[in-house]
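The next block holds one structure in the form of structure tokens; read it before the comments.
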Amino acid sequence: MLGEYKNILVPVDGSAQSEDSFKKAVAIAKRNNAVLHLVYIADTRNMSLNPENEFQTMEALKDLEYAFLDEMVAFAETEGVVIKKTAKDGNPMTLIAETFPKLFNADLIVIGATGKGAITRAFVGSVSNYVVRHAPCDVLVVRT
Numbered sequence: 001m002l003g004e005y006k007n008i009l010v011p012v013d014g015s016a017q018s019e020d021s022f023k024k025a026v027a028i029a030k031r032n033n034a035v036l037h038l039v040y041i042a043d044t045r046n047m048s049l050n051p052e053n054e055f056q057t058m059e060a061l062k063d064l065e066y067a068f069l070d071e072m073v074a075f076a077e078t079e080g081v082v083i084k085k086t087a088k089d090g091n092p093m094t095l096i097a098e099t100f101p102k103l104f105n106a107d108l109i110v111i112g113a114t115g116k117g118a119i120t121r122a123f124v125g126s127v128s129n130y131v132v133r134h135a136p137c138d139v140l141v142v143r144t
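If you read the sequence shown in full-length UniProt numbering, its first letter stands for residue 1, the second for the next number, and so on.
Structural data, given as structure tokens:
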């Protein structure tokens, strides 16, 4: 059937916009009986931490991030959706648009129009814009 998705990639960053895109992705995955690949990328492009405190700061951030992701996983599971969680440090643009779609054989990416990266967007363009232009599969941009 045309338009049936089997592997859906949904990147989240903790913003309200990404929560909306996540909920939309859960609904689409449920309708299509698809696997939902939840990804969180700690954007390391803008990190400027004191080297003495870098490890402790990164560990504290990861603890908060993983708790957020666990809540999303629990929500999807209550909806009967098979969900796989991935967290990685790096460049969100290339990981979401190029690396993860190939790795997960994604046929749809569901992404928020904006997120937490307002400063980066001003300099290098939004992640969602990059994903729309470079992804090898369908992309749904969710607006609130």
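Quick reminder that beta carbons are idealized off the backbone N, C-alpha and C, glycines included.
Just so it is clear, the structure is predicted and the values come from calculations on it, not from any experiment.
- By the neighbour-count criterion, in which 16 or more other beta carbons inside 10 Å mark a residue as buried, P11 falls on the buried side.
- A straight-line Cα-Cα distance of about 5 Å links L140 and V110.
- Check the Cα spacing between P101 and each of F68, M72, L38: the tightest is with L38.
- In the structure shown, P11 falls within a strand segment according to DSSP collapsed to helix, strand and coil.
- For D43, the three-state secondary structure derived from DSSP is strand.
- At a Cβ-Cβ threshold of 8 Å, C137 and D89 do not count as neighbours.
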